[in-house]
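Colleague:
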Amino acid sequence: MITCYSKKAHFDTWFTNGKHEGHCDAPLEKGGGDSSFGPRELLEAALAGCINIWVRVYAAGHDIPLAGIMTEVILVQETPGEAVFRYTVELKGPLTEDQRRELLEAVQSCPVHQTLAGKISFACLSA
């Protein structure tokens with residue numbers, strides 16, 4: 000669970016899971032201070048980070064010689080009510096084509112990817 004608190008700066012927001020903390024802010028054009036990542040960027044980072052970690056864990060568990068991975072994610076909303084996460088995955092190391100294909104298929108099993116690809120609903124619990 001993540002809890003967010005407003006900070007003294009206009010839209011600067013601090014968040015914590017009780018163990019780690021971070022902050023986000025609105026961009027200058029939205030009246031924020033642009034002092035950190037925006038909320039949409041954190042959503043992109045959640046998917047990019049999960050893919051990155053997940054593929055490395057998968058490679059280690061299957062003795063695939065992955066030397067490194069770079070992931071990029073952009074959230075595109077060209078159609079109202081529709082969100083498309085476009086991502087690229089760059090695999091590094093002496094990989095065979097079969098190993099590359101296997102690692103790229105593993106992306107689909109990333110927990111954040113599965114969550115975002117499933118049915119999502121919201122339930123406001125506060126008054």
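Here numbering that gives the first Met the number 0 is used: the first residue of the sequence shown is 0, the next is one more, and so on.
All C-beta atoms in this analysis are idealised placements derived from N, C-alpha and C, irrespective of residue type, glycine included.
Per DSSP, which one or two residues make a beta bridge with C23?
Modeller: Stepping through the sequence shown from its first residue, residue 23 is reached at position 24. T12 and F36.
Colleague: Starting from E89, trace the beta strand (DSSP E) both ways and give me its first and last residue.
Modeller: The residue you call residue 89 lines up with position 90 of the sequence shown. Where E89 is concerned, the enclosing beta strand (DSSP E) stretches over V83 to K91.
Colleague: Starting from T78 and walking both ways along the alpha helix (DSSP H), at which residues does that stretch end?
Modeller: Translated into the one-based positions of the sequence shown, residue 78 becomes position 79. It is not in any alpha helix (DSSP H) - T78 carries neither H nor E in the DSSP assignment.
Colleague: Within the continuous alpha helix (DSSP H) that includes T114, where are the two ends?
Modeller: Residue mapping note: residue 114 aligns to position 115 of the sequence shown, counting from 1. T114 -> alpha helix (DSSP H) spans P110 to A116.
Colleague: Where does V54 land, buried or exposed, given buried means 16+ other C-beta within 10 angstroms?
Modeller: Counting from 1 along the sequence shown, the entry for residue 54 is found at position 55. Buried: at least 16 other Cβ atoms inside 10 Å.
Colleague: Specify, as a first and last residue, the run of the alpha helix (DSSP H) that Q98 falls within.
Modeller: As a working mapping, residue 98 is identified with position 99 in the sequence shown. Here the alpha helix (DSSP H) through Q98 covers E96 to A105.
Colleague: Distance check for Y57 and T95, CA to CA, integer angstroms please.
Modeller: Here the question's residue 95 lines up with position 96 in the sequence shown. Here the question's residue 57 lines up with position 58 in the sequence shown. Rounded to the nearest angstrom, the two C-alpha atoms are 15 Å apart.
Colleague: Rounding to the nearest angstrom, what Cα-Cα distance links G117 and G31 in this structure?
Modeller: Taking the first residue of the sequence shown as position 1, residue 117 is located at position 118. Taking the first residue of the sequence shown as position 1, residue 31 is located at position 32. So the alpha carbons of these two residues sit roughly 32 Å apart.
Colleague: Taking the beta strand (DSSP E) that I5 falls in, what are its first and last residues?
Modeller: The count along the sequence shown starts at 1 and reaches residue 5 at position 6. Note that residue 5 is Ser in the sequence shown here, rather than Ile. Run containing S5: T2 to S5, per the beta strand (DSSP E) assignment.
Colleague: Using a 10 Å radius around the Cβ and a threshold of 16 neighbouring Cβ atoms, would you call E77 buried or exposed?
Modeller: Indexing the sequence shown from 1 puts residue 77 at position 78. Classification of E77: exposed, given that the 10 Å Cβ count is below 16.
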